[in-house]
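A short write-up of the structure that comes next.
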Amino acid sequence: MVGKYTGISDSYLSILKALLHASVALDRKLVVDWVPSCDLEDSAAVETPDAYEKAWGLLKGANGVLVPGGFGDRGVQGKILAAKHARENNVPYLGICLGMQIAVIEYARSVMKLRDANSTEFDPAAKTPCVIFMPEGSKTHMGATMRLGSRRTFFQVNNCKSAKLYANANYVDERHRHRYEVCQRMR
């Protein structure tokens with residue numbers, strides 16, 4: 151698990167419990183290595199070389215990478231590097247909330263060659279915004295800026311993998327808690 155708050159025991163407790171339940175259901179032993187995203191960044195190689203080496207060793211030895219949600223720009227470059235490592239080395243990657251947005255940014259930069267791709271959360275004046283503040287949110291009243299609760303999402307392709315996961319449904323109702331979303335132009 152690559153995150154910002156890996157040193158706090160209950161920061162990602164609900165994710166950890168979900169992974170534990172899944173591992174029990176699949177009769178597998180769960181082993182979670184906690185990788186502080188800041189320790190993957192280039193600056194850590196100079197400032198804290200032992201932590202840098204340990205973080206990269208854990209990441210390179212992982213059978214899967216999970217980047218959970220969060221906010222703010224601290225540790226984002228490390229999360230992007232983790233997503234890139236997973237993509238380039240065919241390591242399964244699960245991005246939750248910000249973790250999914252990180253994967254989109256990494257893909258836009260590395261594969262689509264959009265070097266300035268970013269989230270408007272980290273760079274409000276991004277030249278290539280691929281993650282944006284949701285249009286229905288209020289930028290002036292932070293108490294009412296999240297998409298909360300159930301929202302219906304329609305599948306645009308009938309035979310897509312997502313639809314198959316939901317028994318070939320035309321749509322799915324899922325709970326949300328987000329301020330940012332992938333820019334529609336990035337589809």
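Each number in our numbering corresponds to the 1-based position in the sequence shown with 150 added.
Built from N, CA and C at the ideal position, the CB exists for glycine as well.
Can you list, in chain order, the residues of its chain with a C-beta nearer than 8 Å to that of residue i? Leave out the 5 residues immediately preceding and following it.
{"i": "Gly225", "result": "Gly153, Lys154, Pro186, Ser187, Cys188, Glu191"}
{"i": "Ala313", "result": "Phe305, Val307, Ala319, Asn320"}
{"i": "Asn213", "result": "Val241, Pro242"}
{"i": "Ile230", "result": "Ile252, Ile255, Glu256, Arg259"}
Is the distance from the Cβ of residue i to the Cβ of residue j below 8 Å?
{"i": "Asp183", "j": "Leu208", "result": "yes"}
{"i": "Val307", "j": "Val281", "result": "no"}
{"i": "Glu331", "j": "Met262", "result": "no"}
{"i": "Gly220", "j": "Leu248", "result": "yes"}
On the DSSP bridge assignment, give the partners of residue i in chain order.
{"i": "His326", "result": "Gly299"}
{"i": "Ala267", "result": "Thr278"}
{"i": "Pro199", "result": "DSSP lists no partner for Pro199."}
{"i": "Trp238", "result": "Reading off the sequence shown, one finds Glu at residue 238, where the question assumed Trp. None, per the DSSP bridge assignment."}
{"i": "Pro186", "result": "Gly153"}
{"i": "Glu331", "result": "Ile282"}
{"i": "Phe304", "result": "Tyr321"}
{"i": "Leu244", "result": "Leu216"}
In whole angstroms, give me the CA-to-CA distance for residue i and residue j.
{"i": "Arg302", "j": "Asp323", "result": "4 Å"}
{"i": "Ala319", "j": "Ser269", "result": "31 Å"}
{"i": "Ala172", "j": "Val217", "result": "17 Å"}
{"i": "Ala195", "j": "Glu203", "result": "8 Å"}
{"i": "Leu315", "j": "Arg259", "result": "29 Å"}
{"i": "Arg327", "j": "Gly228", "result": "23 Å"}
{"i": "Lys277", "j": "Arg265", "result": "9 Å"}
{"i": "Thr156", "j": "Arg237", "result": "22 Å"}
{"i": "Ala233", "j": "Asn239", "result": "10 Å"}
{"i": "Ile246", "j": "Asp200", "result": "28 Å"}
{"i": "Cys310", "j": "Glu197", "result": "45 Å"}
{"i": "Ala317", "j": "Ala168", "result": "22 Å"}
{"i": "Leu166", "j": "Met250", "result": "17 Å"}
{"i": "Ala175", "j": "Ser159", "result": "24 Å"}
{"i": "Arg337", "j": "Ala275", "result": "21 Å"}
{"i": "Leu170", "j": "His235", "result": "24 Å"}
Can you name, in chain order, every residue of its own chain whose Cβ lies under 7 Å from the Cβ of residue i, other than the five neighbours on each side?
{"i": "Arg325", "result": "Gly299, Ser300"}
{"i": "Tyr321", "result": "Arg302, Thr303, Phe304, Phe305"}
{"i": "Arg335", "result": "none"}
{"i": "Asp177", "result": "none"}
Going by C-alpha distance, which of the options is nearest residue i?
{"i": "Tyr243", "options": "Val215, Lys277, Lys204, Ala313", "result": "Val215"}
{"i": "Tyr257", "options": "Glu197, Thr156, Pro279, Lys179", "result": "Pro279"}
{"i": "Ala205", "options": "Asn240, Leu166, Met151, Asp266", "result": "Met151"}
{"i": "Gly222", "options": "Ser312, Glu271, Val174, Asn240", "result": "Glu271"}
{"i": "Val241", "options": "Ile252, Gly211, Gly220", "result": "Gly211"}
Counting only the same chain and skipping the five closest in sequence on each side, list residues whose C-beta sits under 6 Å from that of residue i.
{"i": "Ala267", "result": "Ile255, Ala258, Arg259, Thr278, Cys280"}
{"i": "Ser161", "result": "Tyr155"}
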